[in-house]
Amino acid sequence: MSKFEFPPSIKSRPVYGTLEARLGKGHLMIADGEGAEAILGIATPDLMAKTHIIYIPRGTQLADKLRGANPAQFYEGPSYAAAVSRIRRVLQDAHMGLQVYLSGTEGLMGQAQNEAMKAGIPHTAIQTEHRGSVSRRMQCVHCKGITEDVETDPFVCSHCGLNLFVRDHYSRRLAAYQGVCIDAEDPGNVPAPKGIYE
Amino acid sequence: MTIQFNDETFRDDYSFHNTDWAIKRFPFPFHEDSYMYAVNMEQHRGGPEGSVYEKRFDVDEHYVSEMRDRAMVLADDPLRCQSLPHMTLAGWDLLELIMVSKSEDYPDLFELHRDGDTWRWVNKPLGIDDTFTFLDETTLPYGPMEYITRQTQGDFCVLDQRDNNLWMDAGTVTTQADWSLDFDIGMNFFEWHAPVPLAHEKGIFVRALKFLLNIQQGAPARRLNWTMTVNPLLDTSPENYHKWGIQKTTLTPENIGAKQHLRVELQTFFRLPRSNGLVFPIRCYLCSFQDLMTMPKWGRRLHRVVRDLPDELATYKGFIDNRPMMLDYLSQFDDGQPTSPGVWPDFETEPPLTK
Chain A
32 MSKFEFPPSI KSRPVYGTLE ARLGKGHLMI ADGEGAEAIL GIATPDLMAK
82 THIIYIPRGT QLADKLRGAN PAQFYEGPSY AAAVSRIRRV LQDAHMGLQV
132 YLSGTEGLMG QAQNEAMKAG IPHTAIQTEH RGSVSRRMQC VHCKGITEDV
182 ETDPFVCSHC GLNLFVRDHY SRRLAAYQGV CIDAEDPGNV PAPKGIYE
Chain B
187 MTIQFNDETF RDDYSFHNTD WAIKRFPFPF HEDSYMYAVN MEQHRGGPEG
237 SVYEKRFDVD EHYVSEMRDR AMVLADDPLR CQSLPHMTLA GWDLLELIMV
287 SKSEDYPDLF ELHRDGDTWR WVNKPLGIDD TFTFLDETTL PYGPMEYITR
337 QTQGDFCVLD QRDNNLWMDA GTVTTQADWS LDFDIGMNFF EWHAPVPLAH
387 EKGIFVRALK FLLNIQQGAP ARRLNWTMTV NPLLDTSPEN YHKWGIQKTT
437 LTPENIGAKQ HLRVELQTFF RLPRSNGLVF PIRCYLCSFQ DLMTMPKWGR
487 RLHRVVRDLP DELATYKGFI DNRPMMLDYL SQFDDGQPTS PGVWPDFETE
537 PPLTK
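So the protein lines, in turn, are chains A and B. Going by our numbering, the first residue of the first sequence is number 32, and it counts up by one from there. Going by our numbering, the first residue of the second sequence is number 187, and it counts up by one from there.
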């Protein structure tokens with residue numbers, strides 16, 4: 032599957048790369064949806080023998096392929112929220128030199144990166160590769176509520192109901208982009224939503 | 187000098203006002219008849235007597251009312267004051283810096299009595315007399331940064347220095363020009379400035395960071411920044427933008443002189459001794475257009491700056507829609523005469539308006 036080229040943007044916006052196998056005794060790979068394909072792209076038997084995969088299929092049929100790569104440990108979860116306690120547990124026991132690989136949607140990578148950072152791994156040492164949906168995880172700057180999988184700009188905050196425009200300003204700590212009220216100066220004047228990259 | 191503190195508000199009925207003294211010392215930010223981003227950093231080692239640059243932490247007639255406004259903002263939204271766990275020592279550094287500076291610079295208003303680790307702090311304008319143990323948080327009603335910044339005008343960003351960068355890891359931010367501490371906390375210097383247009387391309391932030399990383403103890407620096415605010419509203423936060431944004435549409439040719447304010451930030455930078463952090467106070471001064479126009483030089487110059495500002499900057503600063511009305515108003519105060527160099531009003535020497 033071809034990868035989406037994100038347009039150039041401001042310096043707080045994350046930039047994603049391409050996963051590559053690194054040397055190391057332990058490997059943690061966290062992915063959702065089409066992110067499985069990025070893992071399969073580097074999945075040699077040697078690497079998989081030292082790898083723990085945490086995967087959220089998000090409606091795709093790729094879990095069996097990942098399982099078939101014979102990772103040392105494999106977990107398939109229904110949602111990120113369901114998987115996060117396991118991610119924390121794994122990171123808690125991680126040894127120095129653990130290699131972390133994230134692939135899939137921005138929301139998945141951002142949240143998993145956040146957990147790895149809290150465990151003391153610098154964000155610059157974590158590999159990422161974007162695959163699948165280009166939807167965004169958005170924080171409403173007004174009510175602070177997070178709306179997952181936002182595909183349009185503007186969108187309605189799922190918590191407070193304000194009409195928000197989608198900024199490129201991104202917080203690693205929140206693993207979210209910022210949404211700001213679009214009609215504050217002209218209440219009710221909300222443009223028709225369109226795709227974020229249209 | 188004894189300051190007469192105003193009893194005023196920065197919300198609702200907006201009774202904020204500047205006395206003649208405050209207008210004369212207003213930190214007008216334009217040293218020439220045009221504006222473009224620059225690092226524009228200088229040493230913060232005093233300035234002309236009575237000016238806002240004279241003391242390390244300027245205290246003016248708005249002090250008591252501004253602190254009351256801050257307390258209201260923090261009560262409504264405690265996330266405006268946050269400190270990541272590794273920043274507590276820097277908070278103590280800041281508390282010491284402010285207490286020492288204010289007690290030395292304003293001995294009639296503030297007293298600091300130190301006996302080993304037992305410190306007594308007296309803040310007369312706010313009626314505070316507290317004794318605590320330095321470096322022991324349990325002896326203060328708030329964390330050290332929050333305690334002292336509830337008593338000091340201006341927003342405070344406390345920056346950690348590591349990996350050749352500065353990190354926004356703590357702060358008290360209630361008088362901001364539309365940025366969110368809660369969102370930006372934990373970001374590095376380039377990331378929290380990411381939304382600023384044009385300046386990255388000009389290399390401003392690379393040069394500014396290089397300068398700031400090398401600030402030494404006892405050698406603070408300062409610069410000015412500015413924007414525009416309708417009504418003397420201190421809390422122009424993104425958090426509350428859906429409430430205050432509408433006020434930008436209330437300008438009319440009749441009320442613009444009173445309602446439109448030039449908002450100037452006096453930004454200073456101090457190295458903190460124990461943590462090697464950097465504190466970045468951002469002090470906000472507000473002045474209505476009509477008060478600024480009492481200085482003929484500022485009237486001429488403000489018209490020219492607003493008129494010639496690139497559209498990107500007028501958009502980023504949030505006044506592109508109101509610019510035509512601002513220019514209609516300001517042009518009445520520009521008779522085309524030349525202006526003297528520098529920021530000072532030069533009231534005695536500049537010619538009166540001939541229009």
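We treat Cβ as the ideally placed atom computed from N, Cα and C, and that holds for glycine. All values derive from a computational prediction rather than experimental measurement.
query: Just grab the DSSP bridge partners of E451 of chain B for me.; result: B:N411 and B:C470
query: Could you tell me which chain B residues have their CB closer than 7 Å to the CB of V172 of chain A, listed as they occur along the chain?; result: S366, F369, P424 and E425
query: So, is the C-beta of I41 of chain A closer than 8 Å to a C-beta in chain B?; result: yes
query: From T480 of chain B to H386 of chain B, what distance separates their C-alpha atoms?; result: 36 Å
query: Indicate whether G57 of chain A and Q130 of chain A have their beta-carbon atoms separated by less than 8 Å.; result: yes
query: Rounding to the nearest angstrom, what Cα-Cα distance links P234 of chain B and K225 of chain A in this structure?; result: 55 Å
query: Which whole-angstrom value is the C-beta distance of R487 of chain B and T525 of chain B, which I expect to be below 8 Å?; result: 5 Å
query: Would you decide whether Y350 of chain B is buried or exposed? Buried here means 16 or more other CB atoms lie within 10 Å of its CB.; result: The amino acid at residue 350 of chain B is misidentified as Tyr; the sequence shows Asn. By the 10 Å Cβ count, N350 of chain B comes out exposed.
query: At least one CB of chain A closer than 8 Å to the CB of I432 of chain B: is that the case?; result: yes
query: Thinking C-alpha only, which one of A:Q92, A:G90 and A:L59 is nearest R120 of chain A?; result: A:L59
query: By Cβ distance below 8 Å, which residues in the same chain neighbour D515 of chain B in space, the five residues on each side in sequence not counted?; result: Correcting the residue type first, residue 515 of chain B is Tyr in the shown sequence and not Asp. If we look at Y515 of chain B and ignore the five residues flanking it on each side, its Cβ neighbours are P439, I442, G443, Q446 and F475.
query: What are the boundary residues of the beta strand (DSSP E) that E160 of chain A is part of?; result: Q158 to H161
query: Rounded to whole angstroms, what is the Cα-Cα separation between A147 of chain A and A156 of chain A?; result: 10 Å
query: Count the CB pairs spanning the stretch 34–50 of chain A and the stretch 379–395 of chain B that are closer than 8 Å, and state whether there are at least three.; result: yes
query: Where DSSP assigns a beta bridge to F105 of chain A, which residues make up the other side?; result: A:I84
query: When the Cβ atoms of the stretch 200–213 of chain A are set against those of the stretch 199–211 of chain B, are three or more pairs found closer than 8 Å?; result: no
query: Assuming contact is defined by CB atoms lying nearer than 8 Å, are L205 of chain A and Q158 of chain A in contact in what I supplied?; result: no
query: From what residue to what residue does the beta strand (DSSP E) around S134 of chain A run?; result: Q130 to G135
query: For S287 of chain B and P459 of chain B, what's the separation of their Cα atoms in angstroms?; result: 14 Å
query: Assuming G372 of chain B and L270 of chain B are in contact, meaning their beta carbons sit under 8 Å apart, how far apart are those beta carbons, in whole angstroms?; result: 7 Å
query: Roughly how many angstroms lie between the CA atoms of A257 of chain B and G128 of chain A, to the nearest whole one?; result: 46 Å
query: Which residues, in chain order, does the stretch 367–395 of chain B contribute to contact with chain A at a C-beta distance below 8 Å?; result: D368, F369, D370, I371, G372, M373, F376, E377, W378, H379, A380, P381 and H386
query: From the DSSP secondary-structure annotation, give me the bridge partner or partners of C171 of chain A.; result: A:G210
query: In the DSSP output, what is E297 of chain B paired with across the bridge?; result: B:V308
query: Taking the beta carbon of Y228 of chain A as the centre, do at least 16 other beta carbons fall within 10 Å, making it buried, or is it exposed?; result: exposed
query: Is the beta carbon of C212 of chain A closer than 8 Å to that of G463 of chain B?; result: no
query: Sort B:R449, B:G404 and B:T413 by Cα distance to T501 of chain B and report the nearest one.; result: B:T413
query: By the criterion of Cβ-Cβ separation under 7 Å, what are the contact partners of H581 of chain B in chain A?; result: Outside the displayed range of chain B (187 to 541) lies residue 581 of chain B, so it cannot be described from this structure.
query: Listing by chain order, which chain B residues have their CB less than 8 Å from the CB of P218 of chain A?; result: I432
query: E179 of chain A: which of A:H83, A:R168, A:I152 and A:A207 sits nearest, CA to CA?; result: A:R168
query: So for S116 of chain A, helix, strand or coil by DSSP?; result: helix
query: Would you kindly check if the distance between the Cβ of F456 of chain B and the Cβ of L283 of chain B is under 8 Å?; result: yes
query: I'd like to confirm the pairing. Which residues does DSSP put opposite V465 of chain B in its beta bridges?; result: B:V344 and B:F456
query: Pair every Cβ in the stretch 232–249 of chain B with every Cβ in the stretch 498–512 of chain B, then say whether three or more of these pairs are closer than 8 Å.; result: no
query: For the putative contact between F342 of chain B and T358 of chain B, defined by C-beta atoms under 8 Å, what is the C-beta separation to the nearest angstrom?; result: 5 Å
query: Are any of the Cβ atoms in chain B nearer than 8 Å to that of Q209 of chain A?; result: yes
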